[in-house]
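S.K.: After the structure tokens below, expect a handful of questions from me.
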Amino acid sequence: MIRIKKSLILGFALLASTFYAKAQQDAQYSQYMFNSLVINPAYAGYKETLNASGLYRNQWLDVPGGPITQSLVLDGSFFGDQIGLGLSVVKDKIGLQEQSTAYLNFAYKLQVGNGARLAFGMGAGIGQYKYNAGQAEYDDPNDPTLAIGSASYISPDLRAGVHYSTDKFYAGLSSTNLISSFLNNRQTSKDAIVKQGRHFFLTAGYLIDFGSFVKFKPSFLIKEDTKGPTNLDINNFFLFGEKVWLGASYRTSVNLINKRGVFGDVKSPDALVGILEVFAADGVRIGYAYDHSLSALKGFDKGSHEISLGITFGPKRRIPILSPRYF
Numbered sequence: 002m003i004r005i006k007k008s009l010i011l012g013f014a015l016l017a018s019t020f021y022a023k024a025q026q027d028a029q030y031s032q033y034m035f036n037s038l039v040i041n042p043a044y045a046g047y048k049e050t051l052n053a054s055g056l057y058r059n060q061w062l063d064v065p066g067g068p069i070t071q072s073l074v075l076d077g078s079f080f081g082d083q084i085g086l087g088l089s090v091v092k093d094k095i096g097l098q099e100q101s102t103a104y105l106n107f108a109y110k111l112q113v114g115n116g117a118r119l120a121f122g123m124g125a126g127i128g129q130y131k132y133n134a135g136q137a138e139y140d141d142p143n144d145p146t147l148a149i150g151s152a153s154y155i156s157p158d159l160r161a162g163v164h165y166s167t168d169k170f171y172a173g174l175s176s177t178n179l180i181s182s183f184l185n186n187r188q189t190s191k192d193a194i195v196k197q198g199r200h201f202f203l204t205a206g207y208l209i210d211f212g213s214f215v216k217f218k219p220s221f222l223i224k225e226d227t228k229g230p231t232n233l234d235i236n237n238f239f240l241f242g243e244k245v246w247l248g249a250s251y252r253t254s255v256n257l258i259n260k261r262g263v264f265g266d267v268k269s270p271d272a273l274v275g276i277l278e279v280f281a282a283d284g285v286r287i288g289y290a291y292d293h294s295l296s297a298l299k300g301f302d303k304g305s306h307e308i309s310l311g312i313t314f315g316p317k318r319r320i321p322i323l324s325p326r327y328f
């Protein structure tokens, strides 16, 4: 009975993930707040240094077909720190669906008084989207109604965003899949439909200084795709001695707007996340995040693991940054 119950729960979870994968949801990250270029092109050049960041995420460990995400981000500030340029490359696989995207990001930054900065960003790129029906395992592989083979297509895309920051506060609003959601309503073999869904991201955070050694940074992220339930991340981090970030995030599904569809009325907690970021050397950041499932997978998966590495390149600036970049 326990095995049957486990199979039913895993089957339901994978059915839900397959639904969202066919809608091609953007990749899930737990450490997005340490390089927001993956969700907002206006973040390019924010740190006013040349940076590289890599990430690997294995979600729902031990669940067949669970999401696996890899990303590489490069960005820097140019022309007197007025222009930010960046490259973001992401590969995301969930179930039978796979997407690989690459974007060139441009940000124009304005000083708006009292140390505040306002950046407008645009990203242009290309994506390859695959549906690998041939990798599926069936009880009856000779059933003529089942999807077979694979299908893929390539599409251009745009993303846009705005990012506002001071020494103690930041806020960002962005949208992805601006044109691919219109272009890519493609039908693959055996009626397997692959679509790109437009996403909206709203994030904000604040830095509270408890002294020279301890700082506290609460923040949130709202992720909206207009089809399924809205995702809400609530984050709280402590910074110790400018060297170690230690924090936790709570991710849940909420309904902010009325939606039509099977999953439109879902309100449920998704995960509790622990995150550790260490500046192991000058210009080198190592990060790890562990997601403990609070959803239907609770007790059946081994959580989600995410590791990241960030590196700042080049010599120290001749003109130092007036304040550290905590966001």
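Reading the sequence shown from the start, the letters are residues 2 to 328 in the numbering used here. Quick reminder that beta carbons are idealized off the backbone N, C-alpha and C, glycines included. All values reported here derive from a predicted model rather than from experimental measurement.
For residue 1, which residues of its own chain have a beta-carbon under 6 Å away from its beta-carbon, when the five flanking residues on both sides are left out?
M.R.: Outside the shown range of the chain, which is 2 to 328, sits residue 1, and nothing can be said about it.
S.K.: Cβ atoms of residue 203 and residue 169: under 9 Å apart, would you say?
M.R.: Counting from one through the sequence shown, the residue named residue 169 turns up at place 168. Counting from one through the sequence shown, the residue named residue 203 turns up at place 202. The answer is no: Cβ separation not under 9 Å.
S.K.: What's the C-alpha gap between residue 237 and residue 218?
M.R.: What you label residue 237 is simply residue 236 of the sequence shown in a count that begins at 1. What you label residue 218 is simply residue 217 of the sequence shown in a count that begins at 1. Using only the alpha carbons, I get a separation of about 6 Å.
S.K.: Return yes when the Cβ of residue 88 is within less than 9 Å of the Cβ of residue 106, no when it is not.
M.R.: As a working note, residue 106 is residue 105 in the sequence shown. As a working note, residue 88 is residue 87 in the sequence shown. Cβ distance < 9 Å, so residue 106 and residue 88 count as in contact.
S.K.: Let me check understanding here. Comparing Cα to Cα, which of 177, 213, 225 lies closest to residue 124?
M.R.: Here residue 124 refers to the residue found at position 123 when the sequence shown is read from its first residue. Nearest option by C-alpha distance: 177.
S.K.: Give me the residue from 197, 65, 248 with the minimum Cα distance to residue 215.
M.R.: To locate residue 215, count along the sequence shown from 1; it is residue 214. Selected option, being the one with the closest Cα: 248.
S.K.: Do residue 252 and residue 226 have their C-beta atoms within less than 9 Å of each other?
M.R.: Indexing the sequence shown from 1 puts residue 252 at position 251. Indexing the sequence shown from 1 puts residue 226 at position 225. In this structure, residue 226 does not lie closer than 9 Å to residue 252 by Cβ.
S.K.: Are residue 130 and residue 151 closer than 9 Å when you measure CB to CB?
M.R.: Counting from 1 along the sequence shown, the entry for residue 130 is found at position 129. Counting from 1 along the sequence shown, the entry for residue 151 is found at position 150. Not closer than 9 Å, so no.
S.K.: Just how far apart, CA to CA, sit residue 312 and residue 288?
M.R.: As a working mapping, residue 312 is identified with position 311 in the sequence shown. As a working mapping, residue 288 is identified with position 287 in the sequence shown. Their backbone Cα atoms lie some 12 Å apart in a straight line.
S.K.: What separation, rounded to the nearest whole angstrom, lies between the Cα atoms of residue 172 and residue 164?
M.R.: If you number the sequence shown from 1, residue 172 lands on position 171. If you number the sequence shown from 1, residue 164 lands on position 163. Approximately 6 Å, taken between the alpha carbons.
S.K.: May I have the straight-line CA-CA distance separating residue 154 from residue 133, to the nearest angstrom?
M.R.: Within the sequence shown, residue 154 is the residue found at index 153, counting from 1. Within the sequence shown, residue 133 is the residue found at index 132, counting from 1. Near 12 Å, if we compare the C-alpha coordinates of residue 133 and residue 154.
S.K.: How is residue 65 classed by DSSP in three states: helix, strand or coil?
M.R.: Counting from 1 along the sequence shown, the entry for residue 65 is found at position 64. Three-state result, residue 65: coil.
S.K.: For the beta strand (DSSP E) holding residue 40, just list the boundary residues, first then last.
M.R.: Translated into the one-based positions of the sequence shown, residue 40 becomes position 39. From DSSP, residue 40 is part of no beta strand (DSSP E); its letter is neither H nor E.
S.K.: I'd like to confirm the pairing. Which residues does DSSP put opposite residue 107 in its beta bridges?
M.R.: The sequence position of residue 107 within the sequence shown is 106, counting from 1. DSSP output for residue 107 lists 86, 123 as bridge partner(s).
S.K.: Which residue comes first and which comes last in the beta strand (DSSP E) that contains residue 59?
M.R.: Locating residue 59 in the sequence shown gives position 58, counting from the first residue. Per DSSP, residue 59 belongs to the beta strand (DSSP E) from 51 to 59.
S.K.: Is any beta-carbon of chain D found at less than 9 Å from that of residue 248?
M.R.: This model lacks chain D altogether; it includes just one protein chain.
S.K.: Check residue 327 in the structure and name its three-state DSSP category.
M.R.: Translated into positions along the sequence shown, residue 327 becomes position 326. The answer is coil: DSSP assigns residue 327 none of H, G, I, E or B.
S.K.: State the Cα-Cα distance for the pair residue 160 and residue 269, rounded to the nearest angstrom.
M.R.: In the sequence shown, counting from the first residue as 1, residue 160 sits at position 159. In the sequence shown, counting from the first residue as 1, residue 269 sits at position 268. So the two alpha carbons sit approximately 29 Å from each other.
S.K.: Can you find the residues in the same chain that come closer than 7 Å, C-beta to C-beta, to residue 280, ignoring five residues on each side of it along the sequence?
M.R.: Start at 1 with the first residue of the sequence shown, and residue 280 comes out as number 279. Cβ within range, chain order: 244, 286.
S.K.: Excluding sequence positions up to five away, which residues of its chain have a Cβ less than 6 Å from the Cβ of residue 68?
M.R.: Along the sequence shown, one-based indexing puts residue 68 at 67. Taken in chain order, the residues that qualify are 60, 95.
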